[in-house]
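Each residue of the sequence shown is one higher than the one before, counting from 45 in our numbering. Note that the Cβ used here is the ideal one computed from N, Cα and C, for glycine as well. All values derive from a computational prediction rather than experimental measurement. Data first, discussion second: the structure below is written as structure tokens.
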Amino acid sequence: MIQSMTGYGKSLTELSHKTIRVELKSLNSKNLDVNLRMSSQYRELEMPLRNLISEHLYRGKVDVSLHVESKTGETSTEINTKAVQAYVQQLKSISTEGDELNFKDLLPIAINLPEALVNEKKELDPAEAEAVKETFKSAIEQLILHRNDEGKALEQDFNLRISNLKSLITEVKAIDPERIDKVRERLHKAVTDLKVDVDQNRFEQELMYYLEKYDITEEKTRLDNHLDYFFKTMNTAESNGKKLNFICQEIGREINTIGSKSNFAPMQKLVVKMKDELEKIKEQLLNVL
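Structure, rendered in structure tokens:
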């Protein structure tokens, strides 16, 4: 089963006093690269959440955001009343006699001075922590569903490309005898044009040796096997983009060898078409898990 590395997942959990929202977006990457954004209040959950992601997503560049909104308006930031009052008194003391600044005028200045606001670190409620984890699990499930849907589209495209390659290799097999005959004719003509007497037995031996160098029987067989293996691997239970990429490399080697041995324009045209189909597969494989 093909699974894409591209996906999006979102989950929302409503608690009595808070709303927990988790969003995940993934793109293709050689390895798992997680960018996790959350409030400092939930930093103690970072490693468990990262482990949760790595257990299910395996590969891809994953951007994750955790937003928790309070329904009661409570905040972890509090005003340091004593510090603000002290700042106001000091500001009054340095004002000139002509200034008519009162507490209302000085408060905006004082509130922006150091230590005027204090972030109170509160212990994370275990029930809330568990709710965050469950919300993450739900968002990951949604992302995997999205990846599976993207994977189905990729699978359809791969089936088309592999089918095209099989059709092209069938054409190669069909014109291969003609190619050998053409090569033989060219060699005979080249010897005839020399207008010299040659030992026919020796010539036939050299001709057979020369034609063997242009034989592509093994390449055709291996290419068929690689295409079948690609299809078989694509339809296994686990998505394995790396393995499919290795198979593609082997397919490319056989196509290149056929091209270098062909020495026949109609076959070289088919090789160009095969290379084009293979490049399209490679481009899409970059996005396969």
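Please state the DSSP three-state secondary structure of residue i.
{"i": "residue 259", "result": "coil"}
{"i": "residue 102", "result": "coil"}
{"i": "residue 149", "result": "helix"}
{"i": "residue 283", "result": "coil"}
{"i": "residue 157", "result": "coil"}
{"i": "residue 167", "result": "coil"}
{"i": "residue 95", "result": "helix"}
{"i": "residue 180", "result": "helix"}
{"i": "residue 241", "result": "coil"}
{"i": "residue 307", "result": "coil"}
Could you spell out where the beta strand (DSSP E) holding residue i opens and where it closes?
{"i": "residue 77", "result": "76-81"}
{"i": "residue 125", "result": "First-last for residue 125: 125-137, but that is the alpha helix (DSSP H), not the beta strand (DSSP E)."}
Just to confirm before moving on: does the CB-CB distance between residue i and residue j stay below 7 Å?
{"i": "residue 46", "j": "residue 199", "result": "yes"}
{"i": "residue 317", "j": "residue 292", "result": "no"}
{"i": "residue 183", "j": "residue 55", "result": "yes"}
{"i": "residue 205", "j": "residue 294", "result": "no"}
{"i": "residue 115", "j": "residue 61", "result": "yes"}
{"i": "residue 50", "j": "residue 194", "result": "yes"}
{"i": "residue 305", "j": "residue 258", "result": "yes"}
{"i": "residue 311", "j": "residue 213", "result": "no"}
{"i": "residue 106", "j": "residue 132", "result": "no"}
{"i": "residue 298", "j": "residue 323", "result": "no"}
{"i": "residue 285", "j": "residue 329", "result": "yes"}
{"i": "residue 154", "j": "residue 128", "result": "yes"}
{"i": "residue 104", "j": "residue 73", "result": "yes"}
Give me the Cβ distance between residue i and residue j, rounded to the nearest whole Å; I'm assuming they're in contact under 8 Å.
{"i": "residue 267", "j": "residue 277", "result": "With 8 Å as the limit, residue 267 and residue 277 do not qualify as a contact, their Cβ atoms being about 16 Å apart."}
{"i": "residue 52", "j": "residue 69", "result": "5 Å"}
{"i": "residue 160", "j": "residue 124", "result": "6 Å"}
{"i": "residue 180", "j": "residue 332", "result": "Actually they do not touch by this definition, with Cβ atoms about 24 Å apart."}
{"i": "residue 302", "j": "residue 216", "result": "7 Å"}
{"i": "residue 209", "j": "residue 271", "result": "6 Å"}
{"i": "residue 308", "j": "residue 233", "result": "Contact flag wrong, Cβ pair sits at about 15 Å."}
{"i": "residue 71", "j": "residue 80", "result": "Contact doesn't hold; Cβ gap of about 15 Å is too wide."}
{"i": "residue 102", "j": "residue 76", "result": "6 Å"}
{"i": "residue 173", "j": "residue 59", "result": "12 Å between Cβ atoms; not a contact."}
{"i": "residue 151", "j": "residue 88", "result": "Incorrect: roughly 35 Å between the Cβ atoms, too far for contact."}
{"i": "residue 255", "j": "residue 228", "result": "7 Å"}
If I follow the unbroken alpha helix (DSSP H) through residue i, where does it start and stop?
{"i": "residue 63", "result": "That residue, residue 63, is in no alpha helix (DSSP H); its beta strand (DSSP E) goes 62-71."}
Under the DSSP definition of a beta bridge, which residues are partnered with residue i?
{"i": "residue 57", "result": "64"}
{"i": "residue 107", "result": "69 and 79"}
{"i": "residue 332", "result": "48"}
{"i": "residue 112", "result": "64"}
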